[in-house]
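Enquirer:
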Amino acid sequence: MKTVIVNIAKASVRVMEIVNEARISKIEYVACKWCGSQDVKKNGHKREIQQWLCAKCGRTFQNNACLPHDKYTPEDIASAVYQYYTGSSLADIRGEIKQKTGREPSDPAILQWIKKATEAALDSTRNDKPNIGDTVAADETVIKVSGKKYWCVVVVDPISKYVLSAYLSRARTARAIQLAFEQAKLKMTKPPKVVISDGYTAYPEMVKMVFGDTTHHIVTKPFEGKNGQSNNVIERFNSTLKEKHKVSRNFKSLATAKMNLLGYVYFYNYLRGHESLDGQTPAAICGLKTPNENWKEVIYSRKPLIQSTIQPVNMGYRKRQSAKVRARKPIATGAMTIRGRR
Numbered sequence: 002m003k004t005v006i007v008n009i010a011k012a013s014v015r016v017m018e019i020v021n022e023a024r025i026s027k028i029e030y031v032a033c034k035w036c037g038s039q040d041v042k043k044n045g046h047k048r049e050i051q052q053w054l055c056a057k058c059g060r061t062f063q064n065n066a067c068l069p070h071d072k073y074t075p076e077d078i079a080s081a082v083y084q085y086y087t088g089s090s091l092a093d094i095r096g097e098i099k100q101k102t103g104r105e106p107s108d109p110a111i112l113q114w115i116k117k118a119t120e121a122a123l124d125s126t127r128n129d130k131p132n133i134g135d136t137v138a139a140d141e142t143v144i145k146v147s148g149k150k151y152w153c154v155v156v157v158d159p160i161s162k163y164v165l166s167a168y169l170s171r172a173r174t175a176r177a178i179q180l181a182f183e184q185a186k187l188k189m190t191k192p193p194k195v196v197i198s199d200g201y202t203a204y205p206e207m208v209k210m211v212f213g214d215t216t217h218h219i220v221t222k223p224f225e226g227k228n229g230q231s232n233n234v235i236e237r238f239n240s241t242l243k244e245k246h247k248v249s250r251n252f253k254s255l256a257t258a259k260m261n262l263l264g265y266v267y268f269y270n271y272l273r274g275h276e277s278l279d280g281q282t283p284a285a286i287c288g289l290k291t292p293n294e295n296w297k298e299v300i301y302s303r304k305p306l307i308q309s310t311i312q313p314v315n316m317g318y319r320k321r322q323s324a325k326v327r328a329r330k331p332i333a334t335g336a337m338t339i340r341g342r343r
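Each residue of the sequence shown is one higher than the last, beginning at 2 in the working numbering.
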């Protein structure tokens, strides 16, 4: 009889241990999206979704996979940015996200995702200096922004296909060529020995002005190089740029279109593999370390807007005053103001 009682007691203890383990495994540890603190508490519901309040930074948030201020996950946003820079329209992007999430974002929301991701990507590579050859190629092409024609001056390293600069101008002028060369020079460790371009008359003067007398200018035509020199690499880039940049007609400002252009250049240099480079990116050929392997990592690299506050937030609820107390008006007596009854 004693043995039976002992076995029942052991079984009961084991059952309690299993129940406690199951309870512990279901405990939800919530951390603040802004500062990472676990000193949080529930703060009501918004559209039937639980809201949380952080005692350290005082911000409210939802415990989901979305980043602060975002209603969609980084995976969905990264997919939208990737599709955009590979040539998909905003309508196609909306449809793709609706198929995944059941919700359809607006065009301004998608463009805002692209802007934020592009800014983060450009900040991570602003000081990069690629290891390029002694020859660079320059060319200009026409792209449309809001239905209007703009000139895009591009400077490329023909060997690695790394785009050194892409400058968008309202007109085809010597000033635009100069600014494109100056932007490319900031990425170089030394001036090039040869600059290849078409026969536009502004090129020889701008080459000497920006790079000096030691740099020679060679005029060439697509697929008809002089002394083995050819401009076909940059011509292929321009044709790809025109095809993929058609979506920029939705931009209403030149500044936004310029940022979109630089975002595509980042995608071309750091994220897109090239068959002629054995699947590698131009940045890898130039010896540059890619800070982010894909757009998802770029989005995760964005920092929150706030880290903490000076004083901790009072997590208690304020006691609601009665109607009589709220109805009382302050009575001024000299330099002091007190509350009393009429």
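Glycine is no exception: its CB is placed at the ideal position from the N, C-alpha and C atoms.
Since the structure is predicted, the reported quantities are computational estimates derived from the model, not experimental observations.
(1) Within a Cβ cutoff of 7 Å, which residues of the same chain sit near V217, ignoring the five residues on either side of it in sequence?
(2) Would the region 207-215 and the region 143-150 be scored as touching if the rule is three or more Cβ pairs under 8 Å?
(3) Suppose you measure from the CA of A38 to the CA of C55; what does that come to, to the nearest Å?
(4) Is the Cβ-Cβ distance between A203 and I178 less than 7 Å?
(5) If you count every other CB in all the chains shown that lies within 10 Å of the CB of P109, and 16 or more means buried, which is it?
(6) T142 and N239: beta carbons closer than 7 Å?
(7) Please classify I50 as buried or exposed, where buried requires at least 16 neighbouring CB atoms within 10 angstroms.
(8) Return the CA-CA distance between R60 and R95, expressed in angstroms with no decimal places.
(9) Please work out which residues of its chain come closer than 7 Å, Cβ to Cβ, to E183, disregarding the five sequence neighbours upstream and downstream, and give them in chain order.
(10) Tell me the DSSP bridge mates of W53?
(11) Taking just the CA atoms, how far does G200 sit from V164?
(12) Taking the beta strand (DSSP E) that T136 falls in, what are its first and last residues?
(13) Name, in chain order, the residues that DSSP records as bridge partners for K101.
(14) For the putative contact between S170 and V154, defined by C-beta atoms under 8 Å, what is the C-beta separation to the nearest angstrom?
(15) DSSP state of I197, grouped into three classes?
(16) With distance defined between alpha-carbon atoms, name the residue in D140, D124, P106, K47 nearest to N233.
(17) Between Q63 and D40, what straight-line distance do the alpha-carbon atoms span, to the nearest angstrom?
(18) What's the call for S198, buried or exposed, on a 16-neighbour Cβ count within 10 Å?
(19) I need the boundaries of the beta strand (DSSP E) containing V157, first residue and last residue.
(20) If we count the other Cβ atoms within 10 Å of its Cβ and call it buried at 16 or more, is A258 buried or exposed?
(21) Give the single residue among E236, D214, T215 whose Cα lies nearest to the Cα of T221.
(22) Can you tell me whether D77 is buried or exposed? The criterion is at least 16 other CB atoms within 10 Å of its CB, across all chains shown.
(23) Suppose the cutoff is 8 Å on Cβ atoms and the five residues either side in sequence are ignored; what does the same chain contact list for I98 look like?
(24) Excluding the 5 residues preceding and the 5 following R24 in the sequence, name in chain order all residues of the same chain whose CB lies nearer than 6 Å to its CB.
(25) Using the DSSP secondary-structure output, state which residues sit across from L263 in a beta bridge.
(26) Using a Cβ-Cβ cutoff of less than 6 Å, which residues in the same chain neighbour K86 once the five nearest sequence positions on both sides are dropped?
(27) Start and end of the alpha helix (DSSP H) containing L68?
(28) Helix, strand or coil: which one does DSSP assign to Y168?
(29) Confirm, please, whether the CB-CB distance from N270 to A285 is below 7 Å.
(30) Residues in the same chain with beta-carbon distance under 7 Å from R173, minus the five sequence neighbours each way, listed in chain order, please.
(31) Return the CA-CA distance between L242 and P292, expressed in angstroms with no decimal places.
(32) Looking at the secondary structure, which residues open and close the alpha helix (DSSP H) in which I78 lies?
(33) With DSSP as the reference, identify every bridge partner of V234, one or two as the case may be.
(34) Do you know offhand how far P67's Cα is from L112's?
(35) By how many angstroms is the C-alpha of C58 removed from the C-alpha of N44?
(36) Hey, out of A118, S161, L255, N132, whose CA is closest to G280's CA?
Expert: Reading it off the structure:
(1) The question names Val, but residue 217 is His in the sequence shown. Within the same chain, H217 has close Cβ partners K194, V195.
(2) The region 207-215 vs the region 143-150: no contact.
(3) In the sequence under discussion, the amino acid at residue 38 is Ser, which differs from the Ala named in the question. For S38 and C55, the distance between alpha carbons rounds to 7 Å.
(4) Yes, the pair counts as a contact, with Cβ atoms nearer than the cut-off.
(5) Exposed, by the Cβ-count rule.
(6) Yes; because the gap between Cβ atoms is below 7 Å, this pair is in contact.
(7) So I50 counts as exposed.
(8) Approximately 30 Å between the Cα atoms of the pair.
(9) Apart from sequence neighbours up to five positions away, the residues of its chain that approach E183 with a beta-carbon distance below 7 Å are V211, ordered along the chain.
(10) According to DSSP, which records beta bridges pairwise, W53 is partnered with K43, F62.
(11) Going by the C-alpha atoms only, they are around 21 Å apart.
(12) In the DSSP assignment, T136 falls within the unbroken beta strand (DSSP E) covering 136-146.
(13) None; K101 has no bridge partner.
(14) S170 to V154, Cβ: 7 Å. Contact.
(15) The answer is strand: DSSP assigns I197 an E or B state.
(16) Here the closest residue by C-alpha is D140.
(17) It is roughly 14 Å from the alpha-carbon of Q63 to the alpha-carbon of D40.
(18) S198 is buried by the Cβ-count criterion.
(19) Going by DSSP, V157 is part of the beta strand (DSSP E) stretching over 149-157.
(20) Burial state of A258 is buried, judged by a 10 Å Cβ sphere holding 16 or more other Cβ atoms.
(21) The option with the nearest alpha carbon to T221 is E236.
(22) Taking a 10 Å sphere around the C-beta of D77, we find 16 or more other C-beta atoms and assign the residue as buried.
(23) Y73, D77, S80, A81, R104, E105, P106.
(24) Caution applies to R24, whose pLDDT of 48 falls short of 50 and renders its modelled position unreliable; the value that the coordinates give is listed next. Cβ neighbours of R24 beyond the five flanking positions: none.
(25) By DSSP's assignment, L263 forms no beta bridge with any residue.
(26) Contrary to the premise, residue 86 reads as Tyr rather than Lys in this sequence. Once the five neighbours on either side are set aside, the close Cβ partners of Y86 are Y265, F268.
(27) Element bounds for L68: n/a, residue is neither H nor E.
(28) Of the three classes helix, strand and coil, the one that applies to Y168 here is strand, per DSSP.
(29) Contact flag unset, no.
(30) Cβ-Cβ distances below 7 Å link R173 to E141, W152 in the same chain, with the five nearest sequence neighbours on each side left out; the list follows chain order.
(31) Approximately 23 Å between the Cα atoms of the pair.
(32) That run of the alpha helix (DSSP H) goes 75-86.
(33) According to DSSP, V234 bridges with nothing at all.
(34) Checking the displayed sequence, the identity of residue 67 turns out to be Cys instead of Pro. Taking the straight line joining both Cα atoms gives about 18 Å.
(35) Rounded to whole angstroms, N44 to C58 spans 14 Å at the Cα level.
(36) Minimum Cα distance to G280 is reached at S161.
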